[in-house]
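Residue numbers (the working numbering): 333 to 722.
Where is the CB? At the ideal position from N, CA and C, for every residue including glycine.
As the structure is a computational prediction, the values presented were derived from the model and not from experiment.
To start, the structure under review is shown below, and the notes come after it.
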Amino acid sequence: MQETEKLFYSDSHLKEFDAVVCSCTPDGERYRVVLDRTAFFPEGGGQYADTGYLDGIKVIDVREKENVVYHVTEGSLAEGTGVHGRINWEERFGKMQQHSGEHIVSGIVHEWFGYNNVGFHLGNDYCTLDFDGPITKEQLKEIERRANGAVFENVDIQVSYPSKAELAKLDYRSKIEIEGQVRIVMVPGYDVCACCAPHVKKTGEIGLIKLVNMMNYKGGERITMLCGYRALQDYDRKDESAKAISASLCAKEIDIAQAVEHLKGEQASLKGKLASLQQKMIGYLAQEIDISEDVVTVFDQELSGNAPRELMNKLLSRGAKICAVFAGTEAGGYRYVIGSHTEDVRLLCKKLNEAFAGRGGGKAGMVQGSLMGSEEAVKELCKTAGKEFL
Ligand SMILES: [Zn+2]
333 MQETEKLFYS
343 DSHLKEFDAV
353 VCSCTPDGER
363 YRVVLDRTAF
373 FPEGGGQYAD
383 TGYLDGIKVI
393 DVREKENVVY
403 HVTEGSLAEG
413 TGVHGRINWE
423 ERFGKMQQHS
433 GEHIVSGIVH
443 EWFGYNNVGF
453 HLGNDYCTLD
463 FDGPITKEQL
473 KEIERRANGA
483 VFENVDIQVS
493 YPSKAELAKL
503 DYRSKIEIEG
513 QVRIVMVPGY
523 DVCACCAPHV
533 KKTGEIGLIK
543 LVNMMNYKGG
553 ERITMLCGYR
563 ALQDYDRKDE
573 SAKAISASLC
583 AKEIDIAQAV
593 EHLKGEQASL
603 KGKLASLQQK
613 MIGYLAQEID
623 ISEDVVTVFD
633 QELSGNAPRE
643 LMNKLLSRGA
653 KICAVFAGTE
663 AGGYRYVIGS
673 HTEDVRLLCK
683 KLNEAFAGRG
693 GGKAGMVQGS
703 LMGSEEAVKE
713 LCKTAGKEFL
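In structure tokens:
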């Protein structure tokens, strides 16, 4: 098969081109199209393949094998005919922004710490760089600052194809041993690296380089990076969040983290107050409730946590024979706790579960569970059950 002329190397900013269809082979529901020349970059060097159109037919993936570029398309094209190609430029330019940004960051990390970029992912959604050594948060800030300095300097990105002799003298980053001609991408003053992908022409095109996240990864560091439009989009989203929180808390945008901390403190102290008020309420409730019935039943939707059990214990201490506390609502169901110092409450528990689709159990002196039913019906059952076995 004739090798494909790679137009993305002669001009990384070529958006449209004309070519001739060399072959078109069905591949499942797709087609594999080979052209004499193409601006579509296949997957390589961590960068995902371009997408776009050949005439009106969608190109969903691009691969390369032995210098032949295969376009995976949704429709067929007639061999020997001319075709007009159009790559999804917005997507490609975004990837070039990330990729050129990655070279600068990797170059700086290599120069300052001697670490290698051992993993690079450049997808449509996110972009990560893996380094084989530790980096601190402060160092990350300095790396980011210098990388953006490279952008503001707006230096030309140079591509060259050095001979074996020239290459031997050149100090450059490379992930793998490359057979054949090596393509060198240089950002003067910042990085020299072997790379097969298209890059922006000047560093100014990259726009902002933002290192948004960092995590330990295989003894080194995985950095998440956003460049250009992706960084702008991220800024937009965060700006919206900050403005919404600022408005809701009536705090300056710059102070929202502090305002949230303050709010959390208030919430914790309210929780404490609520717990102590609940304790007091249980005390008052326990004094007020009539304990003359065989089974004393209490319904309360405010009781939470351990409160139902505490109330039950207080009522048993006052002399209630059997005490059943139901917390919750008729619509949402009740959580129950039933206890006695003298009787086996498991029988009552069983009856309640059977009648009200309940579940739960326990020991003779105390059972716990949940059920669904009306307050009236549950009370009625407790009353009759009490008469039955006491
Ligand atoms: Zn590269």
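Item: Those runs of the beta strand (DSSP E) which lie wholly inside the segment 549–616 and span at least 3 residues; Value: 552–559
Item: Cα-Cα separation between residue 506 and residue 556, rounded to whole angstroms; Value: 21 Å
Item: Cβ-based neighbour list, residue 707, same chain, cut-off 8 Å, excluding 5 preceding and 5 following; Value: 631, 658, 662
Item: Member of 483, 577, 459 whose CA lies at the smallest distance from the CA of residue 543; Value: 459
Item: Cβ-based burial, residue 333 [other Cβ within 10 Å; buried from 16]; Value: exposed
Item: Min CB distance residue 494 to chain D below 8 Å; Value: No chain D is part of this structure, which consists of one protein chain only.
Item: From 537, 528, 500, 491, residue whose alpha carbon lies closest to that of residue 518; Value: 491
Item: Residue 529: CB within 7 Å of a non-hydrogen atom of ligand 1; Value: yes
Item: Check: residue 459 C-beta below 7 Å from any heavy atom of ligand 1; Value: no
Item: Contact test: residue 442 Cβ vs ligand 1 heavy atom, cutoff 7 Å; Value: no
Item: Bridge partners - residue 449, DSSP secondary structure assignment; Value: 463
Item: Contact under 8 Å by Cβ, residue 535 with residue 487; Value: yes
Item: Enclosing alpha helix (DSSP H) for residue 681 [first to last residue]; Value: 678–687
Item: As assigned by DSSP and simplified to three states, the class of residue 528; Value: coil
Item: Residue 493, buried or exposed, once every other Cβ within 10 Å from all chains shown has been counted against 16; Value: exposed
Item: DSSP-derived helix/strand/coil call for residue 534; Value: strand
Item: Touching by the beta-carbon criterion (3+ pairs, under 8 Å), the segment 376–389 and the segment 516–530; Value: yes
Item: Beta-carbon proximity list for residue 499, same chain, < 7 Å, skipping 5 on both sides; Value: 514
Item: Test item: CB-CB of residue 451 and residue 462 under 8 Å; Value: yes
Item: Residue 495 (DSSP reduced to helix, strand or coil); Value: coil
Item: Per-residue DSSP class, three states only, for residue 698; Value: strand
Item: Exposed unless 16 or more other CB atoms sit within 10 angstroms - verdict on residue 695; Value: exposed
Item: Rounded straight-line distance, which links the Cα of residue 551 to that of residue 346; Value: 41 Å
Item: Identity of the residue in 667, 650, 666 nearest residue 673 by Cα; Value: 650
Item: Exposure label - residue 402; buried when at least 16 CB within 10 Å; Value: buried
Item: Ligand 1 heavy atom lying under 7 Å from the CB of residue 416; Value: no
Item: heavy atom of ligand 1 below 7 Å from residue 525 C-beta; Value: yes
Item: Alpha-carbon spacing of residue 585 relative to residue 568, whole angstroms; Value: 14 Å
Item: Candidates 654, 646, 660, 389, of which the one nearest residue 635 by Cα; Value: 660
Item: Beta-carbon proximity list for residue 538, same chain, < 7 Å, skipping 5 on both sides; Value: 429, 432, 433, 483, 532, 559, 560
Item: Pick from 465, 387, 720, 362 that is closest to residue 350, judged by C-alpha positions; Value: 387
Item: Residues sharing a beta bridge with residue 490, DSSP; Value: 518
Item: Simplified DSSP state of residue 405, which is helix, strand or coil; Value: strand
Item: Reference residue 643, options 624, 689, 612, closest by Cα; Value: 612
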